[in-house]
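Novice:
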Amino acid sequence: MTTNSIAAFHKAIQANETSCTESTMSFIQKIEAKKHLNAYIEVFEKEALERASFLDNKKRNKEKLGKLFGVAIGVKDNICIKDHKLSASSNMLKGFESIYSATVIERLLAEDAIILGRLNCDEFAMGSSNETSAYGKVLNAIDENRTPGGSSGGSAVAVQAGLCHVSLGSDTGGSIRQPASYCGVVGLKPTYGSVSRYGLIAFASSFDQIGPFANNVADAALVLETIAGKDKNDATSIQNEVDSFSLKPLKKQKIAYFKQAIENDSIHKEVKASFENLKTRLEAEGNIVEAIDFPYLDYLIPTYYVLSTAEASSNLSRYDGVHYGYRSPNAKNMEEVYTKSRSEGFGKEVKNRIMLGTFVLSAGYYDAYYTKAQQVRRILKNKINDLYSNFDFILSPTAPNPAFKFGEKSEDPVAMYLEDIYTVLANLVGNPAISLPLYKTKEGLPIGMQLMANDQEEEKLLSFAQQLEM
Amino acid sequence: MSVYDKYQVVIGLEVHAQLSTKSKMYCADSTAFGVSPNTNVSPLTLGHPGTLPVVNEEAIVSAIKMGVAMNCSIRNENGFARKNYFYADLPKGYQITQDKTPICGEGQLKISVDGKEKNIGIERIHMEEDAGKSTHDLDPFNTLIDLNRAGVPLIEIVSKPDLRSAEEAYQYLIEVRKLVRYLDICDGNMEEGSLRCDANISVFLKEKEDKFENFGDRCEVKNMNSMRNVMKAIEFEFKRQIDVIEAGGTIDQQTRTFNAADGSTAMMRSKENANDYRYFPEPDLPIVYVSNEEIEKIKAEMPKLSSELFNEYVNDLKLSEYDAGILSEDRDFAAYFNELITFTTNYKAATNFMIGPVKSYLNEHAVEITEFPLKAKSIAEMLKMVEDNKMSFNVASSKLFDALVKQPEADVSEMAQKLNLIQDSDEGFIEGIIDEVLAKNAEKVEAYKNGNKNLLGMFMGQVMKASKGKANPKVASKLIQDKLDS
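Read top to bottom, the protein sequences are chains A and B.
Numbering-wise (the numbering used here), the first sequence opens with residue -11 and increments by one.
Numbering-wise (the numbering used here), the second sequence opens with residue 21 and increments by one.
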């Protein structure tokens, strides 16, 4: 049990060494002190303290306390919180306030959590460096010249810098795991459908998943078991309820890794060395680690970008300047309400992706791009399914590089997209995957390792992840 | 021979039927009609960020019923798709519809024009959601948007290009409306927009064979809000297209709008400007599986359709096709008749009563059969009196009927007594009257016996008058003849 874990906090609460109010207050002060990191877009100071006091009363009155009692949670600004602003870090949603709460928020609150505020991210969750946010970049607390990764950069830094107990992010192609890796925290993307997407601003509907950032695996597990399970408001959610995970040691696991993923030149030397180190360790602990020939790596990024942008181009159509959000003051007619509002309201990266997605769905190109990519996705799913008949997990680094410097890749979108090479597979096939902060470069930059498991095997994944964390 | 006679019109219809489900296609918002603008709107209908659709199962059942009624194949695995376009009353920027996997595949619908039956092919039926309503003429500066209708479930019924005249199109729409009303899945009101129709119209030279390759390019005509207007639009388009062709021009595929003021059509957009809707599978909705057992269950629960009732009336009740057609046209009217014949086996008399006084009453009062005050049992009692010779059909269907519809709770026989309408069939009583009448008219009796048979009517009239209308005319007529001929 680490000192900053939820369990440690709850122990202190039980021993009356701290209170929800005190804990919340200290987070608020720390957020203020670390304001330059730009992790939070908005802090719900008054509301959080009121809730903390309400919860303290609840404890005084000896009422039953929820499993996230007093836990301070930051929420990526693409998740709806009733009566609070919601922007997806975009000017397009300037001034917009959500009139309902996402299922995950309802579930966290039902377990007595405290929502601290809204966290910065790449605009509409599109980016790998948090540089596309309309609120400016988030700084990596380990090296402020470096990006925290993206798109959930604010969520990663909030945990990294101790600005909350845990945070929520969303992961469409690696947006939880890659920043977790860059910031040295735990980041978990659940199985597609495990966590309701109701109230998550859609980027790519068949990829998006909400998941936790945490200081340790146990905290991530606690958040996940709270938010996961069937939701009637999301037709793609799993059919079963999720009660609680019990994490237990697993021995003699069979772990696969893709030869092509490790044996190539684009992977950072120290990342590769860390991976080799982990492999040796796992074998020494009695597991089997096997290199698998997986000739599909080159297809992952193109397939992901064709499908995710196609869905995004449609999902983002509702931001049209007509009903809510930004409307261009320069629009003189109906058509211009659309064209000007969208041209002025969306940032460059979002527009890139809308155009790419619109293109791949267009008459005459649909079959060559969208249909083909769907076929590749199905093949990948089958191949990975087959693999799980022989293996328990798939292991890889989370990203080919440690956190890069601001501006380093912002002029080269393809280089930026390649940072997703290890993470997109889990989104393409729907598997749960976790990034664990197991290594550091000589300079002290975190290196995350990613463990992927079969659909709905979160309990097994978290169990093994906890073992690695030790 | 007019130039128009050289050409044959080809029509395919796309009918949108608004389903009368309680909630919307993909969310729990009410579909209630006539409430204040923008009240049946949740975050889902408003297209707010983060909202997700959930399929309304009642709508699926309705679509399946329509498919079964049109002999369509029913799909087990139903996928949804997004149709992307920008419009102010489409808050999501896309419509959730079905593209490659419509719930109902090919089928047909029988229509009848001038006594000739014809099967019209059905291409498909699919489910989708309605858009909101834009009002451009209420506010001088702004377009007003009402999203109450946004998300209301629709089925779109697409016919094959099998219709060959405006009259056939009209009959097709009549049959479609009959079906949706029989199935109780849509109120079928075209004027209010719960049934909408777009027509794809083309022409070809009659000298060529009637097959798809020979059809000209089609124009799609929209915005016809009545069946008559559909006919008018077809007639207009038919002539317009021929005029263009005869003047050496060509018909280009385009979308046209119907102008109800003068019955004309005008171009809305050309093929070049047609939207690219960028259909793709709706990622927010998984495949909806409908098992064969579920389809069978829905079939079993379906009411008898117009065509079935028609056949029963003709074959089992031995009614004329004309009578059967009128009785089966409206579901509730047929249901009333069906109840009536549980009390009587005199089907023809029951039919006459329905088509005669009952229908006249409905027409005169402009009400539906569901608002008709008399119980079927009361009519059955009237019919029984006619059968028992207690009164004539005419008396029952006029005097007694008129009195009863004003006092529907009254006892039928008491009312008949009160109005003194019960006839006397007692031969002794009637004979007495006849004897009196004949005695008074000895000269005429003589004349009758000398061959003036026309006088029978006069005797009959005198007898009825003397009996104050209570003598059973059948009995009286027979007795008079017996006496005169003896």
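Just so you know, even glycine gets a beta-carbon here, dropped at the ideal spot from N, CA and C.
Being a predicted model, the structure only gives us computed values, none of them experimental.
For the structure I just gave you, are there three or more beta carbon pairs, one from the region 116 to 134 of chain A and one from the region 203 to 218 of chain A, closer than 8 Å?
Specialist: In short, these stretches do not touch, since the Cβ pair count stays below three.
Novice: Leaving out five residues on either side along the sequence, give the residues of the same chain with a beta carbon under 7 Å from the beta carbon of Y353 of chain A.
Specialist: Taking the first sequence and counting its residues from 1, the one referred to as residue 353 of chain A is at position 365. Once the five neighbours on either side are set aside, the close Cβ partners of Y353 of chain A are F347.
Novice: Look at the alpha carbon of F185 of chain A and the alpha carbon of F201 of chain A, and state the distance between them as a whole number of angstroms.
Specialist: Stepping through the first sequence from its first residue, residue 185 of chain A is reached at position 197. Stepping through the first sequence from its first residue, residue 201 of chain A is reached at position 213. It is Arg, not Phe, that sits at residue 185 of chain A in the sequence shown. Going by the C-alpha atoms only, they are around 17 Å apart.
Novice: Using a Cβ-Cβ cutoff of less than 7 Å, which residues in the same chain neighbour C206 of chain B once the five nearest sequence positions on both sides are dropped?
Specialist: Indexing the second sequence from 1 puts residue 206 of chain B at position 186. For C206 of chain B, where only same-chain residues beyond five positions count, the Cβ hits under 7 Å are A37, Q38, L39, S40, V200, S214, L215.
Novice: Using a Cβ cut-off of 9 Å, which residues of the region 160 to 184 of chain B contact any Cβ in chain A, in chain order?
Specialist: T163, I165, L167
Novice: Measure the alpha-carbon distance for L203 of chain B versus I175 of chain B and round it to whole angstroms.
Specialist: In the second sequence, residue 203 of chain B corresponds to position 183, counting from 1. In the second sequence, residue 175 of chain B corresponds to position 155, counting from 1. In a straight line, the C-alpha of L203 of chain B is about 13 Å away from that of I175 of chain B.
Novice: Note down, in chain order, every chain A residue with its Cβ under 9 Å from the Cβ of N104 of chain B.
Specialist: As a working note, residue 104 of chain B is residue 84 in the second sequence. Neighbours of N104 of chain B on chain A, chain order: S301, S302, S305, T346, L349.
Novice: Once the 5 residues before and after Q248 of chain A are set aside, which same chain residues still bring their CB inside 8 Å of it?
Specialist: As a first step, residue 248 of chain A must be located in the first sequence, where it is residue number 260. The residues are D281, F282, P283, L285.
Novice: If the cut is a Cβ gap below 8 Å, which residues of chain A does Y114 of chain B touch?
Specialist: Counting from 1 along the second sequence, the entry for residue 114 of chain B is found at position 94. By Cβ distance, chain A contributes S302, S305.
Novice: Under 6 Å Cβ to Cβ from D44 of chain A, same chain only, skipping five residues before and after it: list those, please.
Specialist: To locate residue 44 of chain A, count along the first sequence from 1; it is residue 56. Result list for D44 of chain A: S7, C8, T9, in chain order.
Novice: I'd like the list of long-range same chain contacts for N303 of chain A, defined as Cβ closer than 6 Å, with 5 residues on each side in sequence excluded.
Specialist: Start at 1 with the first residue of the first sequence, and residue 303 of chain A comes out as number 315. The answer, listed in chain order, is A190.
Novice: Quick one: what's got a C-beta closer than 6 Å to L238 of chain A's C-beta in the same chain, skipping five residues either side?
Specialist: Locating residue 238 of chain A in the first sequence gives position 250, counting from the first residue. Once the five neighbours on either side are set aside, the close Cβ partners of L238 of chain A are S451, F452.
Novice: Can you list, in chain order, the residues of its chain whose CB lies under 7 Å from that of K236 of chain A, leaving out five sequence neighbours each side?
Specialist: Against the first sequence, residue 236 of chain A aligns to sequence position 248. Same-chain partners within the cutoff: S451.
Novice: Assuming A421 of chain A and L406 of chain A form a contact by the criterion Cβ under 8 Å, report the distance between their Cβ atoms to the nearest whole angstrom.
Specialist: The residue given as residue 421 of chain A occupies position 433 in the first sequence. The residue given as residue 406 of chain A occupies position 418 in the first sequence. Actually they are not in contact, since the Cβ atoms of A421 of chain A and L406 of chain A sit about 18 Å apart, beyond 8 Å.
Novice: Output yes if chain A places a C-beta closer than 9 Å to the C-beta of A108 of chain B; else output no.
Specialist: As a first step, residue 108 of chain B must be located in the second sequence, where it is residue number 88. True, the Cβ-Cβ gap to chain A drops below 9 Å.
Novice: Within 10 Å of its beta-carbon, does E257 of chain B have 16 or more other beta-carbons around it, so buried, or fewer, so exposed?
Specialist: Your numbering for residue 257 of chain B matches position 237 in the second sequence. Buried, because 16 or more other Cβ atoms sit within 10 Å of the Cβ of E257 of chain B.
Novice: What whole-angstrom Cβ distance do V93 of chain A and G187 of chain A have, given they're in contact under 8 Å?
Specialist: Taking the first sequence and counting its residues from 1, one reaches residue 93 of chain A at position 105. Taking the first sequence and counting its residues from 1, one reaches residue 187 of chain A at position 199. The sequence shown places Ile at residue 93 of chain A, not Val. Contact flag correct, Cβ pair sits at about 7 Å.
Novice: What is the residue span of the alpha helix (DSSP H) that R248 of chain B lies within?
Specialist: Against the second sequence, residue 248 of chain B aligns to sequence position 228. For R248 of chain B, the enclosing alpha helix (DSSP H) covers residues 247 to 266.
Novice: Do we get a CB-CB distance below 9 Å when we pair M(-11) of chain A with the residues of chain B?
Specialist: For this step, residue -11 of chain A is matched to residue 1 along the first sequence. A caution first: M(-11) of chain A carries a pLDDT of 46, below 50, which makes its placement in the model too unreliable to give a value.
Novice: Mark D49 of chain B as exposed unless 16 or more other C-beta atoms lie within 10 angstroms of its C-beta, in which case mark it buried.
Specialist: Locating residue 49 of chain B in the second sequence gives position 29, counting from the first residue. D49 of chain B is buried by the Cβ-count criterion.
Novice: Hey, how far is the Cα of K231 of chain B from the Cα of L110 of chain B?
Specialist: Residue mapping note: residue 231 of chain B aligns to position 211 of the second sequence, counting from 1. Residue mapping note: residue 110 of chain B aligns to position 90 of the second sequence, counting from 1. Going from the Cα of K231 of chain B to the Cα of L110 of chain B covers about 38 Å.
Novice: Assuming P173 of chain B is part of the alpha helix (DSSP H), what are its boundary residues?
Specialist: The sequence position of residue 173 of chain B within the second sequence is 153, counting from 1. Taken as a continuous stretch (DSSP letters only), P173 of chain B belongs to no alpha helix (DSSP H), being part of the beta strand (DSSP E) at 173 to 179.
Novice: Select from the region 185 to 212 of chain A all residues with a C-beta closer than 8 Å to any C-beta belonging to chain B, and list them in chain order.
Specialist: For the region 185 to 212 of chain A, the residues whose beta carbon sits under 8 Å from a beta carbon of chain B are, in order, R185, Y186, G187, L188, I189, A190, A192, S193, S194.
Novice: Can you tell me whether P428 of chain B is helix, strand or coil according to DSSP?
Specialist: Against the second sequence, residue 428 of chain B aligns to sequence position 408. Three-state result, P428 of chain B: coil.
Novice: So who's on the other strand from M480 of chain B, going by DSSP bridges?
Specialist: On the second sequence, position 460 is the one that residue 480 of chain B refers to. Answer is none; M480 of chain B lacks a bridge partner.
Novice: Does any heavy atom of the ligand MG sit closer than 8 Å to the C-beta of G274 of chain A?
Specialist: As presented, the structure is devoid of all ligands, the ligand MG included, so that no description of it is given.
Novice: Compile a chain-ordered list of the residues in the region 295 to 326 of chain B whose CB is closer than 7 Å to at least one CB of chain A.
Specialist: For the region 295 to 326 of chain B, residues whose beta-carbon sits nearer than 7 Å to a beta-carbon of chain A comprise D296, R298, F300, P303, D304, L305, P306.
Novice: I'd like to know whether the C-beta atoms of K488 of chain B and N409 of chain B end up nearer to each other than 9 Å.
Specialist: The residue labelled residue 488 of chain B in the question sits at position 468 within the second sequence. The residue labelled residue 409 of chain B in the question sits at position 389 within the second sequence. No, the pair does not count as a contact, with Cβ atoms beyond the cut-off.
Novice: Helix, strand or coil for K324 of chain B per DSSP?
Specialist: In the second sequence, residue 324 of chain B corresponds to position 304, counting from 1. If DSSP states are grouped into helix, strand and coil, K324 of chain B belongs with coil.
Novice: Looking only at its chain, what residues have a beta carbon closer than 8 Å to the beta carbon of K419 of chain B, apart from the 5 residues adjacent to it on each side?
Specialist: Locating residue 419 of chain B in the second sequence gives position 399, where the first residue counts as 1. Close CB contacts of K419 of chain B within its chain, under the 8 Å cut and outside five residues either way in sequence, are with L439, L441 (chain order).
Novice: Residue range of the alpha helix (DSSP H) that Q191 of chain B falls in?
Specialist: Taking the second sequence and counting its residues from 1, one reaches residue 191 of chain B at position 171. First-last of the alpha helix (DSSP H) with Q191 of chain B: 186 to 203.
Novice: Below 7 Å on C-beta distance, what does A319 of chain A contact in chain B?
Specialist: Stepping through the first sequence from its first residue, residue 319 of chain A is reached at position 331. By Cβ distance, chain B contributes nothing, its closest Cβ being about 12 Å from A319 of chain A, past 7 Å.
Novice: Could you tell me whether the Cβ of L193 of chain B comes closer than 9 Å to any Cβ of chain A?
Specialist: Stepping through the second sequence from its first residue, residue 193 of chain B is reached at position 173. Closer than 9 Å: no.
Novice: When the cut-off is 9 Å and only beta carbons count, does P69 of chain B lie next to chain A?
Specialist: Start at 1 with the first residue of the second sequence, and residue 69 of chain B comes out as number 49. Interface with chain A (9 Å Cβ-Cβ cutoff): P69 of chain B is included.
Novice: Would you list the residues sitting across from L158 of chain B in a DSSP beta bridge?
Specialist: By 1-based counting over the second sequence, the position of residue 158 of chain B is 138. None; L158 of chain B has no bridge partner.
Novice: For Q437 of chain B, count neighbouring C-beta atoms within 10 Å of its own C-beta (all shown protein chains included) and say buried if the count is 16 or more, exposed if not.
Specialist: What you label residue 437 of chain B is simply residue 417 of the second sequence in a count that begins at 1. Answer is exposed; the Cβ neighbour count stays below 16.
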